[in-house]
Amino acid sequence: DAGVTQSPTHLIKTRGQQVTLRCSPKSGHDTVSWYQQALGQGPQFIFQYYEEEERQRGNFPDRFSGHQFPNYSSELNVNALLLGDSALYLCASSWGEARYEQYFGPGTRLTVT
Amino acid sequence: AQSVSQHNHHVILSEAASLELGCNYSYGGTVNLFWYVQYPGQHLQLLLKYFSGDPLVKGIKGFEAEFIKSKFSFNLRKPSVQWSDTAEYFCAVNGFSGGYNKLIFGAGTRLAVHP
Chain G
50 DAGVTQSPTH LIKTRGQQVT LRCSPKSGHD TVSWYQQALG QGPQFIFQYY EEEERQRGNF
110 PDRFSGHQFP NYSSELNVNA LLLGDSALYL CASSWGEARY EQYFGPGTRL TVT
Chain Y
3 AQSVSQHNHH VILSEAASLE LGCNYSYGGT VNLFWYVQYP GQHLQLLLKY FSGDPLVKGI
63 KGFEAEFIKS KFSFNLRKPS VQWSDTAEYF CAVNGFSGGY NKLIFGAGTR LAVHP
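As you go down the protein sequences, you meet chains G and Y in turn. Those letters in the first sequence? Residues 50 to 162, per this note's numbering, in order. Those letters in the second sequence? Residues 3 to 117, per this note's numbering, in order.
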């Protein structure tokens, strides 16, 4: 039973560019949440997708957007990258609107230069 | 707004010492509480969780946590730590707000266990 998978593992981008990160949830899970973990901090909630809709959003600007596909996989898009967007981006999956525990993927390390 | 506070940012212990990591949360409604662990080079893993019932919950690897509702606390404990417990520990709260839930994490506690 595959857990949560994310791609790519590492990514280096330049300021102003756009990036797309991908996540496949754990088998049987229908909800995907995205988190940003800056160095030395706890993960910060970005948004959550359930039934292909953004259900809840944290305090992140509109430059951060996402999508959920019919197979429950998800993408996180970040436009107009800033140096401060450098972080580990975590995807977590769960069942039933994240009402219970969330399972985390290994993350994508994004470096913006 | 929901928030989670972890009191210790860095903890250094010798093997066999006892561990207690503090966690306090701010949320007035029903909550689910979690402790996650991040071992060096690995992804976040669930250590234990509290949904309801017995406020003393046991997790993997000998960890336990006690939910004290009156103190809004969910402290993590282990009677005797091992070198392999060296990791970063995160307390998290999932509050039922409008039916859709998100995890609010504390800043984490970095634990180093020396042999």
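For glycine and all other residues, C-beta sits at the position ideal for the given N, C-alpha and C.
How should Ser5 (chain Y) be labelled, buried or exposed, when 16 other C-beta atoms within 10 angstroms of its C-beta is the threshold for buried?
Counting Cβ neighbours within 10 Å, Ser5 (chain Y) comes out exposed, since fewer than 16 surround it.
What residues in the region 58–85 of chain G bring their beta carbon closer than 8 angstroms to a beta carbon of chain Y?
If the cut-off is 8 angstroms between Cβ atoms, the region 58–85 of chain G has Ser82 and Tyr84 near chain Y.
Could you tell me the distance, in whole angstroms, from the CA atom of Asn126 (chain G) to the CA atom of Tyr38 (chain Y)?
Their Cα atoms are separated by approximately 26 angstroms.
So, for Ser82 (chain Y): in the same chain, excluding its five sequence neighbours on each side, which residues have a beta-carbon less than 7 angstroms away from its beta-carbon?
Closer than 7 angstroms at the Cβ level, and outside the excluded window around Ser82 (chain Y), lie Ala18 and Ser20.
Three or more C-beta pairs under 8 angstroms: does that hold for the region 80–91 of chain G against the region 111–124 of chain G?
The answer is yes - the region 111–124 of chain G touches the region 80–91 of chain G, with three or more Cβ pairs under 8 angstroms.
Answer with buried or exposed for Thr58 (chain G), where buried requires no fewer than 16 other C-beta atoms within 10 angstroms of its C-beta.
Its Cβ having fewer than 16 others within 10 Å, Thr58 (chain G) is exposed.
Less than 8 angstroms between the beta carbons of Ile106 (chain Y) and Val95 (chain Y), yes or no?
Closer than 8 angstroms, so yes.
Which residue from G:Val68, G:Arg104 and G:Thr157 puts its Cα closest to that of Pro92 (chain G)?
Nearest option by C-alpha distance: G:Thr157.
Spell out a yes or no on whether the region 132–145 of chain G and the region 86–103 of chain G are touching, meaning 3 or more CB-CB pairs, one atom from each, closer than 8 angstroms.
A contact exists between the region 132–145 of chain G and the region 86–103 of chain G.
Three or more C-beta pairs under 8 angstroms: does that hold for the region 30–50 of chain Y against the region 67–79 of chain Y?
Enough Cβ pairs lie closer than 8 angstroms, so yes.
Based on Cα-Cα distance, which residue from G:Asn128, G:His116, G:Phe153 and G:Asp111 lies nearest to Val68 (chain G)?
That would be G:Asn128, whose Cα lies nearest to the Cα of Val68 (chain G).
So, at 8 angstroms on beta carbons, what are the nonlocal neighbours of Asp87 (chain Y) in its own chain, with the 5 sequence-adjacent residues on each side left out?
Leu21, Lys63, Lys80, Leu113 and Val115, listed in sequence order.
Based on the DSSP secondary-structure assignment, which residues constitute the bridge partners of Gly115 (chain G)?
The partner list for Gly115 (chain G) (beta bridge, DSSP) reads G:Leu125.
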